[in-house]
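These protein sequence lines map, in sequence, to chains P and G. Residues in the first sequence are numbered from 0 upward in steps of one, following this note's numbering. Residues in the second sequence are numbered from 0 upward in steps of one, following this note's numbering. Just so you know, even glycine gets a beta-carbon here, dropped at the ideal spot from N, CA and C.
Number of protein chains: 2
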Amino acid sequence: MSVKFAVLGHGVVGSGVVELFYKNKESIEKRAGTEMDVKYILDLRDFPDSPYKDKFTKDFNDILNDDEVTAVAECMGGVEPAFTFVKACLERGKSVSTSNKELVAEKGDILLAAAKAHSCNFFFEASVGGAIPIIRPLHKCLAANDISAVAGILNGTTNFILTKMYKENMSFGDALALAQQLGYAEKDPTADIEGHDACRKICIISSLVFGKHVYPKSVFTKGISEISLDDVKNADSMGFAVKLIASVRRLDNGKILPAVMPMLVPYDNIISNVNDVFNAVTVDGDGIDKVMFYGRGAGKLPTASAVLGDVIDSVKHSVTVFSQSWESSDDDKFIEPVANFSARWYIRDSSGSRITDKVMTFAEASALGADSCIPVLE
Amino acid sequence: MSVKFAVLGHGVVGSGVVELFYKNKESIEKRAGTEMDVKYILDLRDFPDSPYKDKFTKDFNDILNDDEVTAVAECMGGVEPAFTFVKACLERGKSVSTSNKELVAEKGDILLAAAKAHSCNFFFEASVGGAIPIIRPLHKCLAANDISAVAGILNGTTNFILTKMYKENMSFGDALALAQQLGYAEKDPTADIEGHDACRKICIISSLVFGKHVYPKSVFTKGISEISLDDVKNADSMGFAVKLIASVRRLDNGKILPAVMPMLVPYDNIISNVNDVFNAVTVDGDGIDKVMFYGRGAGKLPTASAVLGDVIDSVKHSVTVFSQSWESSDDDKFIEPVANFSARWYIRDSSGSRITDKVMTFAEASALGADSCIPVLE
Chain P
0 MSVKFAVLGH GVVGSGVVEL FYKNKESIEK RAGTEMDVKY ILDLRDFPDS
50 PYKDKFTKDF NDILNDDEVT AVAECMGGVE PAFTFVKACL ERGKSVSTSN
100 KELVAEKGDI LLAAAKAHSC NFFFEASVGG AIPIIRPLHK CLAANDISAV
150 AGILNGTTNF ILTKMYKENM SFGDALALAQ QLGYAEKDPT ADIEGHDACR
200 KICIISSLVF GKHVYPKSVF TKGISEISLD DVKNADSMGF AVKLIASVRR
250 LDNGKILPAV MPMLVPYDNI ISNVNDVFNA VTVDGDGIDK VMFYGRGAGK
300 LPTASAVLGD VIDSVKHSVT VFSQSWESSD DDKFIEPVAN FSARWYIRDS
350 SGSRITDKVM TFAEASALGA DSCIPVLE
Chain G
0 MSVKFAVLGH GVVGSGVVEL FYKNKESIEK RAGTEMDVKY ILDLRDFPDS
50 PYKDKFTKDF NDILNDDEVT AVAECMGGVE PAFTFVKACL ERGKSVSTSN
100 KELVAEKGDI LLAAAKAHSC NFFFEASVGG AIPIIRPLHK CLAANDISAV
150 AGILNGTTNF ILTKMYKENM SFGDALALAQ QLGYAEKDPT ADIEGHDACR
200 KICIISSLVF GKHVYPKSVF TKGISEISLD DVKNADSMGF AVKLIASVRR
250 LDNGKILPAV MPMLVPYDNI ISNVNDVFNA VTVDGDGIDK VMFYGRGAGK
300 LPTASAVLGD VIDSVKHSVT VFSQSWESSD DDKFIEPVAN FSARWYIRDS
350 SGSRITDKVM TFAEASALGA DSCIPVLE
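Okay, here's the thing in structure tokens:
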């Protein structure tokens with residue numbers, strides 16, 4: 000029997016899924032234990048020169064109503080119409096694998112419940128860290144651990160800019176322009192630069208690790224646009240790299256504190272050596288102490304690799320993977336206000352720059368009225 | 000229904016499995032989707048003060064013949080009697096999860112076949128890289144990739160010694176003595192120092208990635224006992240860290256070349272920043288480019304975390320995981336002789352030390368008759 004799957008969207012990621020699948024079809028089928036093929040590619044545009052032009056459709060119902068299609072790769076991006084399409088597929092028992100972080104961060108709980116109700120799977124390895132295996136390791140390999148914290152560099156664009164600033168003394172503006180020139184940043188770079196992209200990813204990780212849906216609106220998010228070259232140089236001379244860190248920790252009061260903000264990372268923490276467009280995620284647990292996952296967080300084939308890995312896994316599962324789920328949340332009372340985020344702080348004011356000796360809360364550090372105030376990742 | 004499992008061996012790892020399981024029982028059962036309990040602990044010794052003393056047995060047949068036991072954690076180490084016990088369990092349809100790298104490296108093909116024949120699973124995440132998720136990510140998350148190379152620091156003892164040499168100018172002998180004092184090295188440190196431990200791990204990875212059983216005897220293995228402080232200092236001044244690297248690559252002729260030897264790692268390769276007892280593995284594939292996994296490669300709870308993660312996964316699978324398998328090998332004709340291992344080389348002779356401009360084979364470099372001759376990891 001041959002398993003047929005559909006790819007929704009033929010943009011960068013969707014076309015990468017089709018390309019990588021046909022490149023490695025033989026070994027993929029060996030790993031899946033079954034023959035596989037792409038039956039449909041959904042896109043409103045025409046691709047008359049594609050070698051797969053016979054597979055294109057503009058009508059989602061062709062896919063939804065075809066019982067031979069048992070798995071779907073969603074690579075459209077954005078909440079709608081992706082949400083409507085994905086939910087409809089799951090309700091027909093078709094497993095869906097997605098690269099769409101906005102969809103998972105906003106609607107993950109609903110889609111996981113739909114998958115469970117219809118004995119299929121909603122997978123989203125590609126939505127966090129691109130090529131880097133992180134979702135499956137978190138809920139499978141580390142399942143025996145009490146995980147207390149996750150922190151990482153989850154946006155490649157901002158990491159590229161910060162690396163150029165401290166390795167090559169570029170200003171923020173010049174580094175951003177270079178990132179745009181190289182295709183690492185969009186024309187409108189807001190979602191990357193202001194931290195919204197990293198925020199969606201830490202929402203997904205927080206929901207998976209702590210079991211309740213964390214919405215982007217509940218997470219304090221600060222980007223890197225206020226980071227000056229002075230701050231980066233000062234930090235370097237004190238033994239720290241400035242990185243945009245998305246993090247979540249569980250506090251002693253049982254609440255969790257997710258946040259996205261620039262932080263100073265000591266050079267003896269391996270995260271400080273993660274440069275250019277690379278991403279990395281560290282996980283702290285009582286069994287493992289600390290593990291780190293590192294790789295390319297974006298790009299056509301890296302993201303396609305993660306989507307396809309999920310598709311292959313989904314055709315092997317006839318039941319819902321229980322450990323990859325979380326509950327809906329009615330409120331955000333389980334989330335600690337960022338005012339109580341505590342750390343040592345880098346302070347720059349009229350008397351110079353320094354790292355505070357003592358741990359202070361975000362509220363206390365902000366009250367100092369310094370020109371620049373950045374927490375240290377311990 | 001409550002799932003009952005048994006733990007074979009109550010040494011460092013086996014006692015860690017029991018300890019971590021009871022510490023996190025509630026969250027583990029939530030992730031497994033079922034109640035779970037340890038029914039037996041097999042050990043020839045007496046543990047009269049253990050809180051679990053009622054669970055101990057000295058008779059393996061108590062476990063084998065108890066149909067209520069559906070999963071087993073093997074933490075005894077060594078090939079026998081572990082092999083006999085594990086095979087018998089699999090032949091009764093009991094899934095086995097092991098931390099025993101020697102067992103997997105010598106008998107993995109046989110045990111995987113036994114698991115397949117009896118619709119259960121033989122899992123071994125803990126056998127490579129301790130706490131670090133690597134086996135499951137390799138065959139699941141990266142399943143869409145054509146993997147061309149894997150390289151890593153797979154032995155914490157030797158990495159600790161090398162780190163002390165280049166960070167603190169310690170001699171090899173002093174660093175080894177310190178490792179023994181801290182419990183990182185055994186009284187007889189041969190298996191670590193001479194690379195045998197890393198060799199078993201790269202055999203397991205090579206077998207999984209390339210699909211045929213690679214035996215330790217087929218893998219060129221050189222340890223760190225000949226590395227002098229001079230070499231480490233010279234390498235550092237040229238921008239390299241000396242690391243014991245276990246690697247495997249697929250060559251253009253279709254053969255694979257696994258090897259364990261000290262290598263010079265450039266400081267801009269993130270592997271060079273992996274210090275002390277930490278391990279790390281990089282994977283090169285056509286979709287992902289390069290990913291890295293990092294963490295504690297040994298120790299009671301880190302290894303127990305990996306074993307328990309497998310046990311939790313095994314109670315959820317009612318069929319054999321197809322992608323985690325390889326074939327037996329009748330000969331080693333698919334393995335390229337180490338004489339053809341090609342790299343740039345660090346050379347130290349009477350005229351000083353240098354890195355060769357051109358790539359040479361192992362045979363060519365050895366023929367130079369230098370006092371020291373170490374390949375560069377690119």
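Query, Result
"Per-residue DSSP class, three states only, for asparagine 60(P)", "helix"
"Buried versus exposed, by CB contacts within 10 Å (16 or more), tyrosine 21(P)", "exposed"
"Neighbour list for isoleucine 393(P) in chain G, Cβ cutoff strictly below 7 angstroms", "Summary: the structure shown does not reach residue 393(P), with chain P confined to residues 0 through 377, and so no result is reported for it."
"Selection of the region 288-301 of chain G by Cβ proximity to chain P, strictly under 7 angstroms", "Asp288, Lys289, Val290, Met291, Phe292, Tyr293, Gly294, Arg295, Leu300, Pro301"
"Residues near glutamate 34(G) by beta carbon distance below 6 angstroms, same chain, minus five either side", "Ser1, Glu28"
"Whole-number beta carbon distance between asparagine 278(G) and leucine 153(G), since they are thought to touch under 8 angstroms", "6 angstroms"
"Given phenylalanine 171(G) as reference, the closest of Ser147(G), Tyr183(G), Leu228(G), Pro257(G) once Cα atoms are compared", "Leu228(G)"
"Cα-Cα separation, asparagine 252(P) to glutamate 335(P)", "9 angstroms"
"Closer than 9 angstroms at the beta carbon, the chain G residues around aspartate 283(P)", "The premise fails here: aspartate 283(P) is roughly 11 angstroms from chain G at the closest Cβ pair, so nothing lies under 9 angstroms."
"Where leucine 19(G) meets chain P, residues with beta-carbon distance less than 7 angstroms", "Ala143, Gly286"
"The region 289-297 of chain P touching the region 121-133 of chain P, judged by at least three CB pairs closer than 8 angstroms", "yes"
"Partners in chain G for arginine 130(P), counting only beta-carbon separations shorter than 8 angstroms", "This sequence places alanine at residue 130(P); arginine is not what is there. Near alanine 130(P) (Cβ distances below 8 angstroms), the residues of chain G are Gly286, Ile287, Asp288, Val290."
"Closest by C-alpha distance to valine 218(G), when choosing among Arg199(G), Asp145(G), Phe209(G)", "Arg199(G)"
"Option in Ser118(P), Pro257(P), Gly10(P) with minimal Cα separation from cysteine 445(P)", "Outside the shown range of chain P, which is 0 to 377, sits residue 445(P), and nothing can be said about it."
"Endpoints, beta strand (DSSP E) assigned at cysteine 88(G)", "Premise fails: cysteine 88(G) lies in the alpha helix (DSSP H), 81-90, not in any beta strand (DSSP E)."
"Span of the beta strand (DSSP E), counted from its first residue to its last, around valine 68(G)", "68-73"
"Nearest residue (CA-CA) to asparagine 60(P), options Phe84(P), Asp48(P), Ala364(P)", "Phe84(P)"
"8 angstroms CB neighbourhood of methionine 291(P) in its chain, flanking five on each side removed", "Ile269, Ile270, Ala279, Val280, Thr281, Val282"
"Residues of its chain near glutamate 90(P), where Cβ-Cβ distance is below 7 angstroms and the 5 sequence neighbours each way are ignored", "Ala113, His117"
"Within chain G, partners of lysine 22(P) - CB distance below 8 angstroms", "Asp145, Asp285"
"For leucine 7(P): DSSP bridge partner residues", "Leu41(P), Glu73(P)"
"Ordered list of alpha helix (DSSP H) runs contained in the region 128-201 of chain G, each at least 4 residues", "155-167, 171-180, 189-192"
"Segments of 3+ residues assigned as beta strand (DSSP E) that fall wholly inside the region 216-259 of chain G", "239-249"
"For isoleucine 287(G) and leucine 141(G), the rounded distance between their alpha carbons", "8 angstroms"
"Residue range of the unbroken beta strand (DSSP E) whose run includes isoleucine 354(P)", "351-354"
"Neighbouring residues, chain P, relative to serine 26(G) (Cβ below 8 angstroms)", "Asp145"
"Interface partners of leucine 228(P) on chain G, CB under 9 angstroms", "Result: empty, since nearest Cβ-Cβ is about 22 angstroms, beyond 9 angstroms."
"Contact between the region 163-178 of chain G and the region 321-339 of chain P (3+ Cβ pairs under 8 angstroms)", "no"
"Three-state secondary structure assigned by DSSP to alanine 279(G)", "strand"
"Contact check, arginine 343(P) vs threonine 360(P), beta carbons under 8 angstroms", "no"
"C-alpha gap between serine 49(G) and alanine 143(P), whole angstroms", "21 angstroms"
"Any C-beta of chain G under 8 angstroms from that of proline 136(P)", "yes"
"Of the listed residues Asp235(P), Asp145(P), Asp312(P), Gly182(P), nearest to asparagine 23(G) (C-alpha basis)", "Asp145(P)"
"Simplified DSSP assignment, three categories, for serine 206(P)", "helix"
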